[in-house]
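Numbering (UniProt numbering), first residue to last: 1 to 311.
Glycine included, each C-beta is placed from N, C-alpha and C at the ideal position.
Given the structure is predicted, the values throughout are model-derived calculations rather than measurements.
Since the structure comes first, as structure tokens, the remarks are kept for the end.
Here it is, written out as structure tokens:
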């Protein structure tokens, strides 16, 4: 048992299974089996002394993720990081990490519980890892706890599988109802992409029903997207219902990123513009989302995948 504190360190893991990391009040612990590690996966100390996992493919790409929030914070192809973490992000285990790919579960946006639910500020555990032809794969798990049940009184299991390939980063989110009664939820992957906002644009949304939250988030204006190319001319907060299963982001920095999914029926575009003057020019959000309620019976799973790839 290795205590993760201000001075903890973990060995580089270089062969088949990874430690399970759990958080207790004031302390996190990781059980490390040196004989069962996975090539291309390393658990280390991140910002704020939080446990961080570094994935490195044999093709040279790299990704980083924090067990706090199950949040992917970096995806590099070559030397370029295609994701963005805001300069005001905090890594203290008290607030969600602002940037990368945060989880919104079991609630997207505002509602009866805290904004975007609790998954993005809960500690996830490592349950599995492997290496497939040079591509590292890791699976994280989140289960109900007294913290989650205080907001949403159900038993559940969330498994989040992350695969890093040469030019792609893929995720699979599986929610299973482990309760004795049915429950409903909404969810999203709140992905922040590095971008030049003045040059960024998204293709693939034409014809979608829109719920435009500008100017009043509480009373979105319904409409239909008529543009082939959607840009970020100012404050943007818009839901696209029934979005295509592949969108294309031109990040304005010379990259075209394919955002492909299965079972994420909706999309959200967001940029805070002058409400976040320090950094709004440097990122855009293109989010795969499930805006309507998923009704999940006991013992039933819901699965959705996302694949980000760059040419």
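>> Based on DSSP bridge pairs, tell me the residues matched to residue 261.
In response: 306
> On the three-state DSSP scale, how would you describe residue 61?
Replying inline: coil
> Looking only at C-alpha atoms, which of 41, 238 and 281 sits nearest to residue 268?
Replying inline: 238
>> Here's the rule: buried if 16 or more other CB atoms are within 10 angstroms of the residue's CB, otherwise exposed. What is residue 97?
In response: buried
>> Tell me the residue span of the beta strand (DSSP E) that contains residue 160.
In response: 156–164
>> Nearest by alpha-carbon distance to residue 254: which of 197, 158, 57 and 70 is it?
In response: 197
> Does the beta-carbon of residue 51 have 16 or more other beta-carbons within 10 angstroms, so that it is buried, or is it exposed?
Replying inline: buried
> How long is the line joining the alpha carbons of residue 123 and residue 257, rounded to whole angstroms?
Replying inline: 29 Å
>> Taking only three categories from DSSP, how would you classify residue 223?
In response: strand
>> Is residue 81 close to the ligand GTP? I mean its beta-carbon at under 7 Å from any heavy atom of the ligand.
In response: Although the ligand GTP was asked about, the structure shown includes no ligands whatsoever.
>> Within the continuous beta strand (DSSP E) that includes residue 240, where are the two ends?
In response: 236–241
>> Please identify the residue among 210, 44, 80 and 73 whose C-alpha is closest to the C-alpha of residue 60.
In response: 80
> If you drop the 5 nearest sequence neighbours on each side, which residues of the same chain put their C-beta closer than 6 Å to that of residue 185?
Replying inline: 106 and 294
>> Between residue 158 and residue 290, how many whole angstroms is the CB-CB distance? I'm expecting something under 8 Å.
In response: Wrong, their Cβ atoms sit about 13 Å apart, outside the cutoff.
> If residue 195 and residue 284 are in contact, beta carbons under 8 Å, what's the gap, nearest whole angstrom?
Replying inline: 5 Å
>> Can you find the residues in the same chain that come closer than 6 Å, C-beta to C-beta, to residue 58, ignoring five residues on each side of it along the sequence?
In response: 134
> Excluding the five sequence neighbours on either side, which residues of its own chain have a C-beta within less than 7 Å of the C-beta of residue 23, listed in chain order?
Replying inline: Note that residue 23 has pLDDT 38, beneath the 50 cutoff, so the model's placement of it is unreliable and the number below is only indicative. Correct list, in chain order: 123.
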